[in-house]
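One structure is given below, encoded as structure tokens.
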Amino acid sequence: MHEELETTVVEFDSETGVGYLTLNRPDALNALSSQLRDDIIAGLRQLEAQNEEVDGIALRAVVVEGAEGNFCAGADINEFSDESAGANSERDHYKFIREFPVPVIAKIEGYCLGGGLETAMSCDIRIAHEDARVGLPEVDLGIIPGAGGVQLISELANPAAAMEIAMTGDHIGAERADDLGLVNRVYGDDLDDAVDEFAETIAAKPPLSIQAIKDSARTAAQTNLEEGIAYDNKVFEPLLATEDHKEGARGFAEDDYEPEFKG
Ligand code: CO8
């Protein structure tokens, strides 16, 4: 990997194609300082650069996690006067994650609050420890979740849940978050293995299909059904011509053949 970053740790497993990005300000519960937001983007760019540099498998999925048992306690409250603190700035790591070309999986342990939850909800998949606590406490600071928290919960769960969570500022447990659809899966102490297995499973799938699925799901949130289906039809056609489609079809037809997808 390239230069070391101050507040994120970046690792890449060239055997699986899975990259790992760890938010690393544990003394502040990984609160999003401007440095950390810059380092999230820089770290993802470093992982993306693996595509040009690695001989073996390229980047296929990323796991975002927090150091020392907490995902992230939100924006750094000591930096609120910094006008570039939020979304719509060059530090908009939320959008950068949403638009990142490979799936981004949030591994949520401990606190995942405010901008931390908005970061997790900007990821494509969320997998939580059973003791995780998520919430949007901004209301108690006299602000709102300005990076899209209410919008994103409305989309993942429903507007009523978004209003309840954002208006009360209460922390909710992983099980409730799961029931609402805010997280995909919940595990106990087997979380690390489960996340690795999940990421490696996605990473072994045909990359062009995975990218198209990410784009399709993101399109669904921004368009009506008919337009969304028309989009999928358009993306489907070129996939029929890919080597990976031939590879998958061969894997289906031949019992002993294990397909290897290259993208
Ligand atoms: N910012 C800065 N420092 C923090 C933050 C934070 N968000 N959260 C915790 N810390 C620091 C504490 O100050 C403390 O530091 P120190 O040891 O130097 O005193 C250390 O982390 C440990 O925290 P606590 O001692 O408070 O630990 P507890 O276990 O007692 O409590 C809590 C943990 C409940 C998570 C508590 O720390 C807390 O409530 N933190 C604040 C959570 C919060 O309000 N987050 C929302 C912030 S606002 C936000 O995210 C807005 C995003 C929208 C931006 C987009 C704009 C366009």
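Using UniProt numbering, you'd call the opening residue of the sequence shown number 1 and step up by one each time.
Glycine residues also receive a C-beta, built at the ideal position from the N, C-alpha and C atoms.
As the structure is a computational prediction, the values presented were derived from the model and not from experiment.
Beta carbon of D170: closer than 6 Å to some heavy atom of the ligand COA?
The ligand COA is not part of the structure shown, which contains the ligand CO8 as its ligands.
Tell me the residue span of the beta strand (DSSP E) that contains I105.
104-108
Among R250, S34, V64, the one whose alpha carbon lies nearest that of N78
With distances taken between Cα atoms, N78 lies closest to S34.
DSSP three-state assignment for D178, whether helix, strand or coil
helix
Taking just the CA atoms, how far does A160 sit from D189?
32 Å
Identity of the residue in G19, L29, D39, G17 nearest L5 by Cα:
D39
Closest to E175 by CA distance: which of A241, L59, A204, V134 is it?
V134
If you follow the alpha helix (DSSP H) that G66 is in, where does it begin and where does it stop?
Counting along the chain, G66 falls outside any alpha helix (DSSP H), though it belongs to the beta strand (DSSP E) covering 61-66.
So the beta strand (DSSP E) residue 266 belongs to, where does it begin and stop?
No answer is possible for residue 266: the residues shown for the chain start at 1 and end at 263.
Beta-carbon contacts of L113 that lie in its chain and below 8 Å, excluding the five residues immediately before and after:
C72, A73, G74, R133, V134, G135, L136, P137, H171
Could you check where the beta strand (DSSP E) with D131 kicks off and where it finishes?
Per DSSP, D131 belongs to no beta strand (DSSP E) and is neither H nor E.
Rounded to the nearest angstrom, what separates F12 and D140 at their Cα positions?
39 Å
For a test of the three-state rule: what should DSSP assign to T219, helix, strand or coil?
helix
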